[in-house]
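**Student:** In our numbering, the protein residues as written are 7 to 271.
Cβ atoms here follow ideal geometry from the backbone N, Cα and C, with glycine treated the same way.
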Amino acid sequence: MRGLKQVARGLVLVLCSLAAASVSAQSVADIQKPFEPVSGQPGKDVVWVPTPQPTVDKMLELARVTPKDFVIDLGAGNGITVIHAAKMGATALGVEFNPDMVALARRLAKDAGVSDTATFVQGDLFEADLSKATVITLFLLPDINLQLRPKLLDLKPGTRIASNTFDMGDWEPDAKEVASPCTSYCTALSWVVPAKAAGTWQLGKQTLTLTQQYQVISGALGSTPITGGKLTGEDITFTVGSQVYTGRVTADTMTGPDWSATRSK
């Protein structure tokens, strides 16, 4: 009988050891399993939803991305936009709050062979330094876009912005197109940060008074209203009577082919 008890006790110990080993192996497997994001998972400011590749392509097309650009993607997620911009030859940086997503994006950039030009940082998109950007991309929500809008409008004139689906309130996009083939989140919108042209200028012997609503300008040259006023970055165009004025705006001067104006102090 004692022998049977010893055998039974031994079997129990073996079974316990096997169970512990199984749990341990499963724990190791869980730890080693690569992070896989799930569409709709919560984030700091928005839930994560993947951007369709056709929409990425259309956003970067509308933003006219070239190898000379520095692209910053706010809320980079799995890094698809940053990686594709890098594949186009641009230098691109993704800002993402979720450290697991940052690690995933870095891994995908390495797999794509662009880890030298597609980089990712863990951080708050509202606190990101955007000063080096020539292009900003985002797939956020309208209220987040509105919170970012003042910061975007203070970027260097000519900086291009592209958004997946969501707008900037009453700042109308310069371009808007639907990507294809695509079934959801297919609309790309783009803006060009306009120069600050509002104010009073001296154009020859006349006073040019301009008001500005984002990229749209209005006003008058002397007593004659201007029409068709538009800013595209530093490029300005407006019509007075039958004369069309085109030129460039800097801080205190506007210059065109045969005209110039100086901002009044």
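Are the CB atoms of V166 and V127 nearer to each other than 8 angstroms?
**Tutor:** One-based indexing of the sequence shown puts residue 166 at position 160. One-based indexing of the sequence shown puts residue 127 at position 121. Per the sequence shown, residue 166 should be read as Arg rather than Val. Going by C-beta atoms, R166 is not nearer than 8 angstroms to V127.
**Student:** The alpha helix (DSSP H) that contains P105, what's its start and end?
**Tutor:** Position 99 of the sequence shown, counted from the first residue, corresponds to residue 105. Note, P105: alpha helix (DSSP H), P105 to D117.
**Student:** Note down, in chain order, each residue of its chain lying with its Cβ closer than 8 angstroms to the Cβ of D258, except the 5 sequence neighbours on either side.
**Tutor:** Mapped onto the sequence shown, residue 258 falls at position 252. Cβ neighbours of D258 beyond the five flanking positions: T268 and R269.
**Student:** Should D79 and A98 be called a contact, given that it needs their Cβ atoms to be closer than 8 angstroms?
**Tutor:** Residue numbering aside, residue 79 sits at position 73 when the sequence shown is read from its first letter. Residue numbering aside, residue 98 sits at position 92 when the sequence shown is read from its first letter. Yes. Within cutoff.
**Student:** Alpha carbon to alpha carbon, what distance is there between V62 and R254?
**Tutor:** Looking up residue 254 in the sequence shown gives position 248. Looking up residue 62 in the sequence shown gives position 56. Between R254 and V62, the C-alpha separation is close to 31 angstroms.
**Student:** Kindly confirm or deny that the region 186-196 and the region 154-172 touch, where touching means at least three C-beta pairs closer than 8 angstroms.
**Tutor:** Contact holds: three or more Cβ-Cβ distances are below 8 angstroms.
**Student:** Apart from the five residues on each side of it in sequence, which residues of its chain come closer than 6 angstroms, Cβ to Cβ, to M174?
**Tutor:** Walking along the sequence shown from the start, residue 174 turns up at place 168. Here the set comprises N151 and R155.
**Student:** Spatial neighbours of A204 within its chain, please: CB distance less than 7 angstroms, with the 5 preceding and 5 following residues excluded, ordered by chain position.
**Tutor:** As a first step, residue 204 is located in the sequence shown; it is residue number 198 there, counting from the start. Around A204: L216, T217 and Q218.
**Student:** For T252, does the three-state DSSP call read helix, strand or coil?
**Tutor:** Counted from its first residue, the sequence shown places residue 252 at position 246. Strand at T252.
**Student:** Apply the 10 Å Cβ neighbour rule to V250 and answer buried if 16 or more other Cβ atoms are within range, or exposed otherwise.
**Tutor:** What you label residue 250 is simply residue 244 of the sequence shown in a count that begins at 1. Label assigned to V250: exposed.
**Student:** Helix or strand or just coil, what does DSSP make of L209?
**Tutor:** Here residue 209 refers to the residue found at position 203 of the sequence shown. L209: strand per DSSP, three-state reduction.
**Student:** Could you pull the start and end residues of the alpha helix (DSSP H) that T87 belongs to?
**Tutor:** Numbered from 1 along the sequence shown, position 81 holds the residue referred to as residue 87. Unbroken alpha helix (DSSP H) run through T87: I86 to K93.
**Student:** Look at the Cβ atom of M260, then the Cβ atom of I232, and state whether they are nearer than 8 angstroms.
**Tutor:** Locating residue 260 in the sequence shown gives position 254, where the first residue counts as 1. Locating residue 232 in the sequence shown gives position 226, where the first residue counts as 1. No, Cβ-Cβ distance for M260 and I232 is not below 8 angstroms.
**Student:** Whose C-alpha, out of T143, W177 and L136, is nearest the C-alpha of L161?
**Tutor:** Sequence index remark: in the sequence shown, residue 161 carries index 155 (1-based). Taking only the C-alpha atoms, the option nearest L161 is L136.
**Student:** What do you reckon, are the CB atoms on L237 and I223 nearer than 8 angstroms?
**Tutor:** On the sequence shown, residue 237 is found 231 positions in, with the first residue counted as 1. On the sequence shown, residue 223 is found 217 positions in, with the first residue counted as 1. In contact: L237 and I223 (Cβ atoms closer than 8 angstroms).
**Student:** Please state if the CB of G85 and the CB of F103 are separated by a distance shorter than 8 angstroms.
**Tutor:** In the sequence shown, the residue the question calls residue 103 occupies position 97. In the sequence shown, the residue the question calls residue 85 occupies position 79. Not a contact, by the Cβ cut-off of 8 angstroms.
**Student:** Evaluate W53 with the Cβ neighbour count: other Cβ atoms within 10 Å of its Cβ, from every protein chain shown; 16 or more gives buried, anything less gives exposed.
**Tutor:** Reading the sequence shown from its first residue, position 47 is the one you call residue 53. Reading off the sequence, residue 53 comes out as Val, not Trp. V53 should be labelled exposed.
**Student:** Just the Cα atoms here: how many angstroms apart are I89 and S248?
**Tutor:** Counted from its first residue, the sequence shown places residue 89 at position 83. Counted from its first residue, the sequence shown places residue 248 at position 242. Whole-angstrom Cα-Cα distance: 48 angstroms.
**Student:** Out of curiosity, what's the CA-to-CA distance linking G83 and A124?
**Tutor:** Within the sequence shown, residue 83 is the residue found at index 77, counting from 1. Within the sequence shown, residue 124 is the residue found at index 118, counting from 1. Going by the C-alpha atoms only, they are around 13 angstroms apart.
**Student:** Using 10 angstroms around the beta-carbon of K64, count the other beta-carbons present and answer buried if the total reaches 16, otherwise exposed.
**Tutor:** As a working mapping, residue 64 is identified with position 58 in the sequence shown. K64 comes out buried.
**Student:** Between which two residues does the beta strand (DSSP E) holding T193 run?
**Tutor:** Your numbering for residue 193 matches position 187 in the sequence shown. Here the beta strand (DSSP E) through T193 covers T193 to V198.
**Student:** Please report the straight-line C-alpha distance between G262 and L209, rounded to a whole angstrom.
**Tutor:** One-based indexing of the sequence shown puts residue 262 at position 256. One-based indexing of the sequence shown puts residue 209 at position 203. Computed Cα separation, rounded: 11 angstroms.
**Student:** Which of the three DSSP states is assigned to R70 in this structure?
**Tutor:** Numbered from its first residue, the sequence shown carries residue 70 at position 64. In this structure, R70 counts as coil in the three-state DSSP scheme.
**Student:** Can you check whether the CB of A181 is closer than 8 angstroms to the CB of C192?
**Tutor:** As a first step, residue 192 must be located in the sequence shown, where it is residue number 186. As a first step, residue 181 must be located in the sequence shown, where it is residue number 175. Taking 8 angstroms as the Cβ cut-off, C192 and A181 do not qualify as a contacting pair.
**Student:** Going by other Cβ atoms of all chains shown within 10 Å of its Cβ, with 16 needed for buried, is G228 buried or exposed?
**Tutor:** Residue numbering aside, residue 228 sits at position 222 when the sequence shown is read from its first letter. Answer is exposed; the Cβ neighbour count stays below 16.
**Student:** Decide if F41 is buried, meaning its Cβ has at least 16 other Cβ atoms within 10 Å, or exposed.
**Tutor:** Stepping through the sequence shown from its first residue, residue 41 is reached at position 35. Answer is exposed; the Cβ neighbour count stays below 16.
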